[in-house]
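Going by the UniProt record's numbering, the letters in the sequence shown line up with residues 1 to 1056, in that order. For each residue, glycine too, the CB sits at the ideal point set by N, CA and C. From a predicted model like this one, the values you see are computed outputs, not experimental measurements.
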Amino acid sequence: MNLPPAARAVLHALACVPDGLSDRALLMVLPPLLPADAPPLPPRPQAILRRLTEQGWLTARPGGWRLAEARLGEVWRDIAEQSWLWPLLAMLMERLYDAPPSPAQAHRQDWLARLQAGDRSFLPGLSAAHAALARLNAEADAAQPAAPSVERRLAWRLEASDGGVALEAREQKHSAQGWTSGRALSWKRLLGELPDWLSAQDHAALRCAKVSEVYYYGGESYTLDEDALPALVGHPALFAAELPHARIELSLGQPALVLRQQGDMLRLEVSPPQLTDARTQWLDHSQPEHWRLYRLDGELKRLVALVGHGLAVPRAARAPLLDAISQLAPLLPIHSDLTDLAGQLPALPADATLYALLRADGDSLRVQLRVRPLPGGRDYRPGQGMVTVVGAVDGEAVHTCRDLDAERRAHAAVLRQCPTLAACPHDPIIGERVCVSIDQALDVLAELQAVGEAQLRCVWPAGQRLRLRGPAHAGQARLSIRQRGDWFAVNGELALDDDGRLLQLRELLTLVGQHSGRYVRLGEADWLALDDALRQQLAALARASAGLDADGATQLSRLAAPMLAQLADSAAACEGDAGWTAQRARWQALEQISPAVPSALRATLRDYQLAGFHWLARLAHWGVGACLADDMGLGKTMQTLALCLLRAEHGPQLVVAPTSVAQNWLAEAARFAPSLRLRPYAQQRALDALAPGDLVVVSYGLFQLDAERFAQVHWASVILDEAQAIKNPDTRRAQAAFALRADFRLAASGTPVENHLGELWSLFRFLNPGLLGSLEQFGERFATPIAEGDEQARLALRRLLQPFILRRTKTQVLTELPPRTELTYRVELSDGERELYEALRQEALEQVAQAPEHERAMQVLAHITRLRRLCCHPTLALPNATLPGSKLAAFARLMRELLDNGHKALVFSQFVDHLALARRWLDEQGIAYHYLDGATPARQRQKKVEAFQGGQGEVFLISLKAGGSGLTLTAADYVLHLDPWWNPAVEDQASDRAYRMGQQRPVTIYRLVAAHTIEERILALHAAKRELADALLAGGDASARLDTDALLALLREASA
1 MNLPPAARAV LHALACVPDG LSDRALLMVL PPLLPADAPP LPPRPQAILR
51 RLTEQGWLTA RPGGWRLAEA RLGEVWRDIA EQSWLWPLLA MLMERLYDAP
101 PSPAQAHRQD WLARLQAGDR SFLPGLSAAH AALARLNAEA DAAQPAAPSV
151 ERRLAWRLEA SDGGVALEAR EQKHSAQGWT SGRALSWKRL LGELPDWLSA
201 QDHAALRCAK VSEVYYYGGE SYTLDEDALP ALVGHPALFA AELPHARIEL
251 SLGQPALVLR QQGDMLRLEV SPPQLTDART QWLDHSQPEH WRLYRLDGEL
301 KRLVALVGHG LAVPRAARAP LLDAISQLAP LLPIHSDLTD LAGQLPALPA
351 DATLYALLRA DGDSLRVQLR VRPLPGGRDY RPGQGMVTVV GAVDGEAVHT
401 CRDLDAERRA HAAVLRQCPT LAACPHDPII GERVCVSIDQ ALDVLAELQA
451 VGEAQLRCVW PAGQRLRLRG PAHAGQARLS IRQRGDWFAV NGELALDDDG
501 RLLQLRELLT LVGQHSGRYV RLGEADWLAL DDALRQQLAA LARASAGLDA
551 DGATQLSRLA APMLAQLADS AAACEGDAGW TAQRARWQAL EQISPAVPSA
601 LRATLRDYQL AGFHWLARLA HWGVGACLAD DMGLGKTMQT LALCLLRAEH
651 GPQLVVAPTS VAQNWLAEAA RFAPSLRLRP YAQQRALDAL APGDLVVVSY
701 GLFQLDAERF AQVHWASVIL DEAQAIKNPD TRRAQAAFAL RADFRLAASG
751 TPVENHLGEL WSLFRFLNPG LLGSLEQFGE RFATPIAEGD EQARLALRRL
801 LQPFILRRTK TQVLTELPPR TELTYRVELS DGERELYEAL RQEALEQVAQ
851 APEHERAMQV LAHITRLRRL CCHPTLALPN ATLPGSKLAA FARLMRELLD
901 NGHKALVFSQ FVDHLALARR WLDEQGIAYH YLDGATPARQ RQKKVEAFQG
951 GQGEVFLISL KAGGSGLTLT AADYVLHLDP WWNPAVEDQA SDRAYRMGQQ
1001 RPVTIYRLVA AHTIEERILA LHAAKRELAD ALLAGGDASA RLDTDALLAL
1051 LREASA
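Next comes the structure, spelled out in structure tokens:
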């Protein structure tokens, strides 16, 4: 085997070492050079060398030559410490290093000292061998792929006391949960095996081990003490013995001289005072996580011996002392409050630049802001410490005077520019701020880098740096888009400005999916910041992607074309095929589509309604589904009728709506679009002979019954009004809607999301199948992350759905509407009602606790409903109860006041028997009213509405579900909700029967709520549920749906 010169030098040296020493040397040097499957080594050095050269066992394992060379240095020390080996040493020098064959006795001690100090420069051949080793290491490093993540490491436990430091080494393994606590290793085993996963610092510390022979046992004893501490400075795995999970930062402290005026005397002290001529190393472990090692070397030892525990000098000796101290500046810093000390040395202006001393600690970041008044000098906390600083610059003693006020101002200015850093937890004792998460750490690093080097410089420990690139923007991206059927195959790359690295789009989307913040992780300590626009675009693409195709391109539905176009417009370049170009041109052309309102529409659209009509027409032209989510009362029916007239020539059209709303559709269509041929399905129950211009109107109930008939027709347009009716995708109603065939699909709903995001998936499964993936994919990508507070997931879903949802609120478009006031009317229950309520609640908790697991959910709901009914009136929970109802009394007081002042009211309740109690009271008082519930026939409903709007009756009693939508009752200016419903959207719909276009008077809405009961708990949930819809339509946060445990918590907490 043709070995490199350095390797031959190592092996020849080992072959010449006597057997007693070569065994240990070989065990130290050879393992890094051998393959893992190498057979056992023969016992004699010459045989080892011959076997290696003949059979070629040597290999270039990563870092192997460097590790072997470092261990060879340890062998040299062993040889040098043995006086009887000097002749052998001379022979080796002659053979390998061209040194004199027989060094004179006078030179041997000098050689020994220099060898022990690591100086081999006086041996020219050795220097050449080291140069060859350096080249070999560099070549090996270049040839090796990136090192795998560390799976094992050596952790050090330190136990400090006044008597010194005890060290323990432990082998730790890395798992998905982090580092294990590790197992203790004996020094003998560790030094004997020297595992290849040890770091350079570990090797340096282990070389400080003391080996002594144990004659009784015929072996060796190993000890390691505080002499190893210098090698462990900055080690990433140091822990306190008493707190084995608390990481320690060990750093080198700098001894200093402190000169103070003390009466008529000058006092000179060493800092820290624990350093003496007898104790040249001292470990400060007063701070649990920050230990500092102070050491005295060379001249400093003699100086400390002179100063002792403090040297007092009389005034007469002031001048000579100051002169002598100024000469010490090159050795160590000098702090003083004496102004005349500075006068004897050249002056330099104090450097006002702040330094951010940074240290990464796992996913956290520790930051200390410091000043360095003198170049290369000691760090000081801004605005603290002595004014005069004496030090050495280029070997010359100089001084400077700090401007403490200016330092404090600079410190405050940096904190103003770095608000995230200013908000981090602060340790005032050591002047350190700690970023507790990786996102916070990167935010701080981005702020610090933005300050600029003229004002602030970032400093990392040697070998440790958290790299933050960017922020990257879309202008650094290049895209390639190809059409593949209903999909687009997207490739691309993002160029990083600093080093020209290119990130492939598929890699970038994966990284974006792994981290929800504005940063993506490129490597172990390498991060990339994305600007907000690019981050949101990539997050939306990542969640909309259907994965990779066979060629590794990202697949996107054609429905995501608008979202993809936004990124393409911002990119530096975008190359698209004919399919993409045509699709994009078609989509861009939609903006130019603004058809005139059909002349057959006998109404004038408001400006916002005209905009809504144009938006619907564009999406119909594109061939995608639309969700018109305007607030209730803004005329969704009128906008949709205009579209039906526009599309009448394309074929028959279908409207599916709740029973009451279906009647309203027939009435509105007959009045405002008489050219449409109305086909009320409730009368004919037939779909034969359909033609362009036909408009079929059907209730959800009949539509579900005859689903197969409707699925056989190819409709020009299908409109689902109050489309939240298909919010559960597993129902027969939703399945029937999914099965419809139509050129254009429209969902009209003021509340597209009532309870949870699964309802939105169901809606878009009808409108644009495939856009949101499967229900399982939707849950993984959007619903679950949003419920857990993932802002990026929420923004990505909004971006994906934005082209297909139009939402306007009354406050945005109806400035002429009168004010709307919502009030909670808290009703205090009587003592008897409270006692009865609490008894039923305790009984409910006991029964639920004893119920089988599979029955708990239904039991909890049943008991909650019973308590809610009791809050309305005792007889609704216990028919034989004789207690009067406090809420009925409150209703009576409110009604008398409203009617006495000339108001009209809508009264809603979800419980028909609760309305019956209100109805009985109105009869007793002789008050005229109308009544509507689910049993009221459709024709009678319309007559009752027209009568109330015409001035007949003062009150309209309505069951919440039967009349909460599709009715216009603007004759009322008060709305009373007798009991809160789970879903506030349903209540809002009911309230909007009065608060809608045509209302001329201010509207007041009362919610009657029994105080200190389950009703108050339900009301507290309303705000969170409203935010669920706003999370997508208006930018709020999302909330999760209630599960059995949450309902049970309501039951437990709803004490009267």
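Taking C-beta atoms under 8 Å as the contact rule, V371 and L358 fail to qualify, at a distance of about 16 Å. Looking only at L763, G253, P984 and G377, the smallest Cα-Cα distance to T731 is reached by L763. Counting only residues of its own chain and dropping the five nearest sequence neighbours on each side, A928 has a CB closer than 8 Å to the CB of Q952, G953, E954 and V955.
Counting along the chain, the unbroken alpha helix (DSSP H) around Q639 starts and ends at K636 to L646.
One alpha carbon belongs to A240, the other to A160, and they sit about 8 Å apart.
Cβ neighbours of L534 within its own chain (closer than 7 Å, five residues either side excluded): A472, H473 and A474.
By the C-beta density criterion, D443 is buried, having at least 16 other C-beta atoms within 10 angstroms. Excluding the 5 residues flanking it on each side, A166 has same chain C-beta neighbours closer than 7 Å at E159, in chain order. Distance between R920 and L888, taken at the CA atoms: about 11 Å. Where G758 is concerned, the enclosing alpha helix (DSSP H) starts and stops at G758 to L767. The C-beta of V436 has fewer than 16 other C-beta atoms within 10 Å across all chains shown, which makes the residue exposed. Around the C-beta of I429, fewer than 16 other C-beta atoms lie within 10 Å, and the residue is accordingly described as exposed.
Under the three-state reduction of DSSP output, V459 falls in the strand class.
Residue pairing for F488: DSSP places it in a beta bridge opposite Q483 and L556. Taking the CA atoms as reference points, A573 sits about 9 Å from Q476. Every unbroken stretch of the beta strand (DSSP E) spanning 3 or more residues and falling wholly within the segment 238-267 is given here in chain order: 238-240, 249-252 and 256-262. DSSP places L185 in the uninterrupted beta strand (DSSP E) bounded by R183 to L185. For W156, the enclosing beta strand (DSSP E) begins and ends at R152 to S161.
Cβ-Cβ distances below 6 Å link M632 to G750, Q989 and D992 in the same chain, with the five nearest sequence neighbours on each side left out; the list follows chain order. As the crow flies, the alpha-carbon of A796 is around 8 Å from that of L541.
Looking at the DSSP output, E822 sits in a beta bridge with I1005.
Assignment of S886 by DSSP, reduced to helix, strand and coil, places it in the helix class. Contact check for L687 against Y681 passes: the beta carbons are separated by less than 9 Å.
Straight through space, the alpha carbons of L898 and M858 are spaced by roughly 40 Å. L641 sits close to A669, with the two beta carbons spaced by under 9 Å. Inside the segment 543-621, DSSP marks whole beta strand (DSSP E) runs of 3 or more residues at positions 554-557 and 573-576, from first to last along the chain. Between A739 and A707 the beta-carbon gap is near 7 Å, inside 8 Å, which marks them as a contact.
Straight through space, the alpha carbons of H174 and R152 are spaced by roughly 6 Å. Excluding sequence positions up to five before and after E289, its CB lies within less than 8 Å of the CB of A246, R247, I248 and E249, all in the same chain and listed in chain order. A straight-line Cα-Cα distance of about 16 Å links A892 and G902. Contact annotation, E407 with P382: C-beta distance approximately 4 Å; criterion of less than 8 Å satisfied.
Contact holds between the segment 1010-1020 and the segment 823-839, because three or more Cβ pairs, one in each stretch, are under 8 Å apart. Short of 7 Å from the beta carbon of L960, and not among the five residues preceding or following it, lie these beta carbons of its own chain, in chain order: F908, S909, Q910, W981, V986 and A990. Looking at the DSSP output, C435 sits in a beta bridge with L365. By the 16-neighbour rule on beta-carbons within 10 angstroms, G178 is exposed. The C-alpha of Q847 is placed about 14 Å away from the C-alpha of H854.
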